[in-house]
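The block underneath contains the structure these notes are about, expressed in structure tokens.
Chains as they are written, first to last, in my numbering: chain A, 13 to 139; chain B, 13 to 274.
So this is what it looks like as structure tokens:
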């Protein structure tokens, strides 16, 4: 689930990677007719102040990031985790990470089946 | 090329970290030894889900991740066994020392402080000072300026770590003169691999620690779970086959009959 904490974190991360300070960010927002203090930006980034639709649209434009990227569900698969940290990731490497990921999913599923946490149809033995 | 010996000089902060991880490593060793487990891989597979697999394209020795409420330690067995055992202890260090951060971030990358902590944990777990000094006294018993590669070889085979990890530890503990470090380190370089192999054999050791293990392995618990799911008709033969394939095994290896169709 997406929440203001995650949105704030993503805004902060993007702002930093664009090399814009909170103060400069406030100035840029002001140029777009959104008046916001440095403190307010800080609160947004910490997830303690909500952002409205107009604000988020402008924020995304200034920070060169799409709304989708800000709102996308938190990924917890290995490939996206590796991507976050390693920009130059080769296709072969992704393939291997996916392979490991699938196997981990399988193992966790097997344990659930073992503990009867998974309800299986009588003849469905595809797991 | 001259290697800097900055691992010898610890900052006060690093000293503090060492003390902390030293105790954690000691606690862990005692806890598992009481249950009869001493091997690093055995300890990991009982703490987390352990997966060892040779992966050619992933240029990492290993990683720890938290997925679906499970801690998973993955080790790349294309590296030498000595290297892999150290990576194992390093990853276990992350699990022991950085559990809550792992839960939050799912995987840990590029954080100098926590990497340092995990590495020192590995050093203290695999080569505790007391043990190293005692064994050194038993099988080497020479002044620090008289240490030769053969002594490093004897020691690293004893503690089942890589040659270079052992050398570093001996220099750090003052058992080997730091002026000898660069010369002794040369032997462990990639170009000198054949030289090292020859020296190891001369000392009467097999080469397992300095060659890739290429092991395919998962925690015993999970291997048993897969088998028992199959035996209790909870999964198909096909599924069993594909799961076992990951660890390089076939249903026949466990005495199951071949089932073509279901």
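The beta carbon of each residue, even a glycine, is placed where N, CA and C say it ideally should be.
Residue range of the alpha helix (DSSP H) that residue i falls in?
i	result
residue 217 (chain B)	From DSSP, residue 217 (chain B) is part of no alpha helix (DSSP H); its letter is neither H nor E.
residue 64 (chain B)	No alpha helix (DSSP H) holds residue 64 (chain B); the beta strand (DSSP E) holding it covers 61-65.
residue 29 (chain A)	16-29
residue 202 (chain B)	Element bounds for residue 202 (chain B): n/a, residue is neither H nor E.
residue 234 (chain B)	232-243
residue 132 (chain B)	124-138
residue 22 (chain B)	Here residue 22 (chain B) belongs to no alpha helix (DSSP H), and DSSP marks it neither H nor E.
residue 121 (chain A)	103-126
residue 264 (chain B)	First-last for residue 264 (chain B): undefined, no H or E at that position.
residue 258 (chain B)	249-258
residue 196 (chain B)	193-198
residue 35 (chain A)	34-43
Within its chain, find whatever has a CB closer than 6 Å to the CB of residue i; leave out the 5 residues flanking it on each side and keep chain order.
i	result
residue 45 (chain A)	none
residue 134 (chain A)	Only weak support is given to the placement of residue 134 (chain A): the predicted model assigns it a pLDDT of 49, under 50, and the value that follows is read from those uncertain coordinates. None.
residue 136 (chain B)	33, 34 and 37
residue 50 (chain A)	34, 35 and 38
residue 89 (chain A)	113
residue 63 (chain A)	56
residue 220 (chain B)	93
residue 241 (chain B)	247
residue 176 (chain B)	200
Am I right that residue i and residue j are in contact with their C-beta atoms under 8 Å? What's the rounded C-beta distance?
i	j	result
residue 72 (chain B)	residue 82 (chain B)	Residue 72 (chain B) to residue 82 (chain B), Cβ: 20 Å. No contact.
residue 212 (chain B)	residue 165 (chain B)	6 Å
residue 20 (chain A)	residue 57 (chain A)	5 Å
residue 229 (chain B)	residue 61 (chain B)	Between residue 61 (chain B) and residue 229 (chain B) the Cβ distance is about 11 Å, and since that is not below 8 Å, they are no contact.
residue 138 (chain B)	residue 52 (chain B)	7 Å
residue 40 (chain A)	residue 74 (chain A)	5 Å
residue 6 (chain B)	residue 232 (chain B)	Within the shown structure, residues of chain B are numbered from 13 to 274, placing residue 6 (chain B) beyond reach of any answer.
residue 6 (chain A)	residue 23 (chain A)	Nothing can be reported for residue 6 (chain A), as the shown portion of chain A is limited to 13 through 139.
residue 237 (chain B)	residue 25 (chain A)	With a Cβ gap of about 39 Å, residue 237 (chain B) and residue 25 (chain A) do not count as contacting.
residue 30 (chain B)	residue 21 (chain B)	About 13 Å; that fails the 8 Å criterion.
residue 174 (chain B)	residue 86 (chain B)	Incorrect: roughly 19 Å between the Cβ atoms, too far for contact.
residue 119 (chain B)	residue 93 (chain A)	5 Å
residue 115 (chain A)	residue 258 (chain B)	5 Å
Could you pull out every residue in the same chain whose Cβ sits closer than 8 Å to the Cβ of residue i, ignoring the five residues on either side in sequence?
i	result
residue 70 (chain B)	88
residue 17 (chain B)	183, 190 and 193
residue 133 (chain B)	33, 36, 37, 101, 102, 104, 105, 108 and 109
residue 167 (chain B)	144, 147, 148, 151, 152, 178 and 182
residue 55 (chain B)	40, 44, 49 and 104
residue 69 (chain A)	79
residue 159 (chain B)	152, 182, 187, 188, 189, 192 and 196
residue 265 (chain B)	256
residue 128 (chain B)	26 and 29
residue 67 (chain B)	88 and 90
Starting from residue i, trace the beta strand (DSSP E) both ways and give me its first and last residue.
i	result
residue 304 (chain B)	Nothing about residue 304 (chain B) can be read from this structure; chain B reaches only from 13 to 274.
Keeping to the same chain, check which residues put their C-beta closer than 7 Å to that of residue i; ignore five residues upstream and five downstream.
i	result
residue 67 (chain A)	46
residue 110 (chain A)	91
residue 180 (chain B)	19
residue 61 (chain A)	52 and 55
residue 27 (chain A)	37 and 75
residue 161 (chain B)	196, 199 and 211
residue 204 (chain B)	198
residue 16 (chain A)	59 and 62
residue 137 (chain A)	Because the pLDDT of residue 137 (chain A) is 48, which lies under 50, any placement of that residue in the model is unreliable, and the number read from its coordinates should be weighed accordingly. Closer than 7 Å at Cβ, skipping near neighbours: no residue.
Task: the stretch 192-205 of chain B / the stretch 243-256 of chain B touching (three or more Cβ pairs under 8 Å) - done: no
Open item on the list: Taking 8 Å as the cut-off, does the stretch 211-227 of chain B touch the stretch 91-98 of chain B (at least 3 CB pairs, one atom from each stretch)?
Closed with: yes
Open item on the list: For a minimum of 4 consecutive residues, which ranges assigned as the alpha helix (DSSP H) are wholly contained in the stretch 142-186 of chain B?
Closed with: 161-171 and 175-184
Task: Inside the stretch 88-121 of chain B only - alpha helix (DSSP H) runs reaching at least 4 residues - done: 93-109 and 111-117
Open item on the list: What ranges does the alpha helix (DSSP H) occupy inside the stretch 49-99 of chain A, keeping only unbroken runs of at least 4 residues that lie completely in it?
Closed with: 50-57, 65-74, 79-83 and 90-97
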